[in-house]
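**Q** Protein chains in written order, with the working numbering: chain A, 399 to 618; chain B, 399 to 618.
2 protein chains.
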Amino acid sequence: MNEDWVAHFPALQEVTDTAGREALAAGREVVLKPGDIAFRLGDACSHYLLVIEGSVKVRELGTSGREIILYRVQDGESCVLTTACLMAGGRYSAEAIAERPTRAVLIPAAAFQHALGHSEPFRRFVFHDYGQRLSELLELIEDIAFRRLDARLAERLLELAGEAPELHITHQELATELGSAREVISRQLKDMQRRGLVRLERGVIHLLDREALEHLAESD
Amino acid sequence: MNEDWVAHFPALQEVTDTAGREALAAGREVVLKPGDIAFRLGDACSHYLLVIEGSVKVRELGTSGREIILYRVQDGESCVLTTACLMAGGRYSAEAIAERPTRAVLIPAAAFQHALGHSEPFRRFVFHDYGQRLSELLELIEDIAFRRLDARLAERLLELAGEAPELHITHQELATELGSAREVISRQLKDMQRRGLVRLERGVIHLLDREALEHLAESD
């Protein structure tokens with residue numbers, strides 16, 4: 399059994415029963431390059447998806463052709479849409495794309511189902527993680543419905559930049575991050591530039607005043 | 399055993415095994431009046447909630463004090479937030495209020511957990527319904543992020559009015575339905591009135607031109 403990956407999921411250490419161990423043993427490690435598709439819209443889901451390290455973004459396409467990032471699956475997390483699909487049947491209503499080099503584990507549907515029925519600790523892991531991800535979706539709804547776009551934009555710029563002084567991203571990509579339209583984001587960014595918070599270049603946003611951006615991010 | 403209510407859930411007919419039947423037998427029927435609280439923000443969840451007939455709306459409050467209706471639990475449906483809470487632990491992040499006279503069934507957490515572990519048909523029912531409700535939340539995200547507010551408002555007016563020629567609802571209540579602000583909704587309604595689609599009175603909206611409203615609802 400090659401289950402070194404299990405060490406990356408502390409909650410899976412408790413899975414010591416036979417059915418649970420079998421499911422973990424059936425897990426196959428895969429490596430995704432940035433841009434690789436983890437699953438496509440309309441695919442049937444054949445595997446439970448766990449990310450060891452890296453980042454897979456799950457995005458939905460609206461009928462108008464606009465996009466929104468629903469969530470990311472990152473180190474030690476499972477994918478809520480995959481879990482829902484496996485549990486409820488049906489097909490993916492979104493697509494998942496690796497955005498960094500990503501190591502993931504795929505547990506075949508049959509092994510997943512069997513463990514869900516027979517391993518209490520495995521079930522606990524799956525449900526707990528699923529509940530976490532669901533809460534994040536509810537937060538996203540609250541964000542989109544309630545929070546001012548400029549505050550959300552400032553927050554996302556800081557998140558995506560991390561420690562770096564600038565961010566390589568297009569206005570369209572930012573619109574997708576926030577479920578907004580490109581022209582709306584461009585307007586907001588120009589406004590931020592006028593206020594000295596950022597400096598815009600083609601494909602690059604320089605963060606000039608982090609403190610002001612943080613203040614704006616917390617402004618509602 | 400008093401399980402007449404089971405007849406309202408066709409998918410539960412398949413639950414014939416002992417563990418599953420025990421959970422159904424542990425279900426207690428309750429009647430809610432309009433305005434009764436089914437669960438409060440911060441409550442621990444003690445029961446699996448199924449609505450036999452009626453309507454319970456689940457709403458979230460933003461930090462700004464604004465509200466949004468996340469979803470409704472209606473005839474033959476379960477509550478996604480309750481299910482998530484029961485499966486993942488944690489407390490309710492929203493509150494649920496009956497908006498019509500409602501008959502519901504409460505299955506105690508322990509009986510629910512036991513059946514989830516031991517009854518394959520019960521598990522199938524729970525997961526399938528859960529997956530359905532999750533899809534609805536994803537649709538809500540898509541709606542809020544992508545669709546024009548006037549189209550969503552027209553759609554909701556038609557939905558809420560049903561066959562009736564008018565709708566008794568405040569602008570604030572409509573804002574909560576759509577995750578928007580009261581003043582924004584008032585502006586949209588006045589615009590609709592100017593275009594002859596509706597006539598506004600205090601607490602009442604008369605639908606004057608259904609065809610135009612339907613056209614608007616489908617306009618994106």
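Yeah, the Cβ is synthetic: ideal placement off N, Cα and C, and Gly gets one too. Remember, predicted model here, so these are calculated numbers, not experimental data.
What does the Cβ neighbour count give for H445 of chain B, buried or exposed, with the cut at 16 atoms within 10 Å?
**A** The residue labelled residue 445 of chain B in the question sits at position 47 within the second sequence. Buried is the call here.
**Q** Residues of chain A with a CB under 7 angstroms from the CB of Q382 of chain B: which are they?
**A** With chain B represented from 399 up to 618, any question about residue 382 of chain B goes unanswered, as that position is not in the structure.
**Q** Helix, strand or coil for I542 of chain A? Go by DSSP, reduced to three states.
**A** Residue mapping note: residue 542 of chain A aligns to position 144 of the first sequence, counting from 1. Three-state DSSP puts I542 of chain A in a helix.
**Q** At which residues does the alpha helix (DSSP H) containing R464 of chain A begin and terminate?
**A** On the first sequence, position 66 is the one that residue 464 of chain A refers to. Segment: none, R464 of chain A is in no alpha helix (DSSP H) and carries neither H nor E.
**Q** Whose C-alpha, out of B:R438, B:A417, B:L611, B:L422, is nearest the C-alpha of D402 of chain B?
**A** Taking the second sequence and counting its residues from 1, one reaches residue 402 of chain B at position 4. Residue B:L422 is the option with its Cα nearest to D402 of chain B.
**Q** Under 8 angstroms Cβ-Cβ, which residues of chain B neighbour H445 of chain A?
**A** As a position in the first sequence, residue 445 of chain A is number 47, starting the count at 1. Correct list: empty, because the minimum Cβ distance to chain B is about 17 angstroms.
**Q** When you compare only the Cα positions, how much space is there between I583 of chain B and C477 of chain A?
**A** Along the second sequence, one-based indexing puts residue 583 of chain B at 185. Along the first sequence, one-based indexing puts residue 477 of chain A at 79. Near 36 angstroms, if we compare the C-alpha coordinates of C477 of chain A and I583 of chain B.
**Q** Is M399 of chain B close to chain A? Criterion is C-beta to C-beta, closer than 8 angstroms.
**A** The residue you call residue 399 of chain B lines up with position 1 of the second sequence. Note that M399 of chain B scores 48 on pLDDT, short of 50, meaning its location in the model is unreliable; the coordinates nonetheless yield the value given after this. No - not a single Cβ of chain A is within 8 angstroms of the one on M399 of chain B.
**Q** Is there a Cβ of chain A sitting closer than 8 angstroms to that of H569 of chain B, yes or no?
**A** Working through the second sequence from its first residue, we reach residue 569 of chain B at position 171. So, not an interface residue.
**Q** Which residues in chain B sit within 8 angstroms of A543 of chain A, going by Cβ to Cβ distance?
**A** For the purposes of this step, residue 543 of chain A is taken as the residue at position 145 of the first sequence. Within 8 angstroms Cβ-Cβ: G460, R464, I466, I542, G577, S578.
**Q** Can the beta-carbon of K431 of chain B be found less than 8 angstroms from the beta-carbon of P506 of chain B?
**A** Taking the first residue of the second sequence as 1, we reach residue 431 of chain B at position 33. Taking the first residue of the second sequence as 1, we reach residue 506 of chain B at position 108. It is not a contact, given that the beta carbons lie outside the stated cut-off.
**Q** With a Cβ-Cβ cutoff of 8 angstroms, do I467 of chain B and I539 of chain A count as a contact?
**A** Your numbering for residue 467 of chain B matches position 69 in the second sequence. Your numbering for residue 539 of chain A matches position 141 in the first sequence. Contact flag unset, no.
**Q** Whole-angstrom Cβ separation of A486 of chain A and F525 of chain B, contact assumed at under 8 angstroms?
**A** If you number the first sequence from 1, residue 486 of chain A lands on position 88. If you number the second sequence from 1, residue 525 of chain B lands on position 127. A486 of chain A to F525 of chain B, Cβ: 5 angstroms. Contact.
**Q** Could you check if M399 of chain B is buried or exposed, using at least 16 other CB atoms within 10 Å of its CB as the buried criterion?
**A** In the second sequence, residue 399 of chain B corresponds to position 1, counting from 1. Below a pLDDT of 50, predicted positions are generally treated as unreliable, and M399 of chain B, at 48, falls in that range; the measurement from the model is reported next regardless. With fewer than 16 other Cβ atoms within 10 Å, it is exposed.
**Q** Using 8 angstroms as the limit for Cβ to Cβ distance, is L538 of chain A near chain B?
**A** Residue 538 of chain A sits at position 140 when you count from the first residue of the first sequence. Yes, contact with chain B.
**Q** Listing by chain order, which chain A residues have their CB less than 8 angstroms from the CB of H526 of chain B?
**A** Translated into positions along the second sequence, residue 526 of chain B becomes position 128. Within 8 angstroms Cβ-Cβ: M485, A486, G487.
**Q** Go ahead and pull the three-state DSSP assignment for E401 of chain B.
**A** In the second sequence, residue 401 of chain B corresponds to position 3, counting from 1. Coil, per DSSP.
**Q** Which residues in the same chain as R608 of chain B place their Cβ atom closer than 8 angstroms to its Cβ, once the five residues preceding and following it in sequence are excluded?
**A** In the second sequence, residue 608 of chain B corresponds to position 210, counting from 1. Hits under 8 angstroms: L556.
**Q** Relative to the C-alpha of D441 of chain A, which residue among A:E412, A:G452, A:L479, A:A417 is closest?
**A** For this step, residue 441 of chain A is matched to residue 43 along the first sequence. When each option's Cα is compared against that of D441 of chain A, the closest is A:L479.
**Q** So what's V602 of chain B in DSSP terms, helix, strand or just coil?
**A** Reading the second sequence from its first residue, position 204 is the one you call residue 602 of chain B. It is a strand residue.
**Q** Considering only residues of the stretch 473 to 535 of chain B, which uninterrupted alpha helix (DSSP H) runs meet the minimum length of 4 residues and lie entirely inside it, listed in chain order?
**A** The stretch 473 to 535 of chain B contains these whole alpha helix (DSSP H) runs: 478 to 486, 507 to 516.
**Q** Could you check whether V503 of chain B and L448 of chain B sit closer than 8 angstroms to each other, using their CB atoms as the reference points?
**A** As a working mapping, residue 448 of chain B is identified with position 50 in the second sequence. As a working mapping, residue 503 of chain B is identified with position 105 in the second sequence. Result yes, Cβ atoms of L448 of chain B and V503 of chain B sit closer than 8 angstroms.
**Q** Which chain B residues are close to L535 of chain A, counting only those with a beta carbon under 9 angstroms from its beta carbon?
**A** Against the first sequence, residue 535 of chain A aligns to sequence position 137. In chain order: L532, L535, L536, I539.
**Q** Comparing the C-beta of R457 of chain B with each C-beta of chain A, is any distance below 8 angstroms?
**A** Reading the second sequence from its first residue, position 59 is the one you call residue 457 of chain B. Chain A contact via Cβ: absent.
**Q** Candidates B:R580, B:L536, B:Q530, B:C483: which alpha carbon is nearest C443 of chain B's?
**A** As a position in the second sequence, residue 443 of chain B is number 45, starting the count at 1. Looking at the Cα atoms, B:C483 is the closest of the given residues.
**Q** Could you tell me the distance, in whole angstroms, from the CA atom of E612 of chain B to the CA atom of L605 of chain B?
**A** As a first step, residue 612 of chain B must be located in the second sequence, where it is residue number 214. As a first step, residue 605 of chain B must be located in the second sequence, where it is residue number 207. Using only the alpha carbons, I get a separation of about 11 angstroms.
**Q** Going along chain B in order, which residues have a C-beta closer than 8 angstroms to the C-beta of R521 of chain A?
**A** For the purposes of this step, residue 521 of chain A is taken as residue 123 along the first sequence, with counting starting at 1. Residues of chain B passing the Cβ test: L514, G515.
**Q** Determine which residues share a DSSP beta bridge with F437 of chain A and list them.
**A** On the first sequence, position 39 is the one that residue 437 of chain A refers to. BP columns for F437 of chain A point to A:A494.
**Q** Tell me E564 of chain B's beta-bridge partners as DSSP assigns them.
**A** If you number the second sequence from 1, residue 564 of chain B lands on position 166. According to DSSP, E564 of chain B bridges with B:H604.
**Q** How long is the line joining the alpha carbons of L553 of chain A and L614 of chain A, rounded to whole angstroms?
**A** For the purposes of this step, residue 553 of chain A is taken as residue 155 along the first sequence, with counting starting at 1. For the purposes of this step, residue 614 of chain A is taken as residue 216 along the first sequence, with counting starting at 1. Residue identity check: residue 553 of chain A is Glu in the sequence provided, not Leu. If you take the alpha carbons of E553 of chain A and L614 of chain A, they lie about 8 angstroms apart.
**Q** Just the C-alpha distance for L410 of chain A and H406 of chain B, rounded to the nearest angstrom, thanks.
**A** Here residue 410 of chain A is taken as the residue at index 12 of the first sequence, counted from 1. Here residue 406 of chain B is taken as the residue at index 8 of the second sequence, counted from 1. C-alpha separation (whole angstroms): 38 angstroms.
**Q** If we call anything under 8 angstroms between Cβ atoms a contact, is F437 of chain A one with A494 of chain A?
**A** Along the first sequence, one-based indexing puts residue 437 of chain A at 39. Along the first sequence, one-based indexing puts residue 494 of chain A at 96. Yes, these two residues count as a Cβ contact at 8 angstroms.
**Q** Which value, in whole angstroms, describes the spacing of the CA atoms of R623 of chain B and A562 of chain A?
**A** This structure gives no information on residue 623 of chain B, because the portion of chain B shown stretches from 399 to 618.
**Q** Pick out whichever of B:E571, B:S578, B:S517 has its Cα sitting closest to the Cα of R546 of chain B.
**A** In the second sequence, the residue the question calls residue 546 of chain B occupies position 148. Closest by alpha carbon: B:S578.
**Q** Helix, strand or coil for V596 of chain A, going by three-state DSSP, please let me know.
**A** Taking the first residue of the first sequence as position 1, residue 596 of chain A is located at position 198. Here V596 of chain A sits in strand by DSSP.
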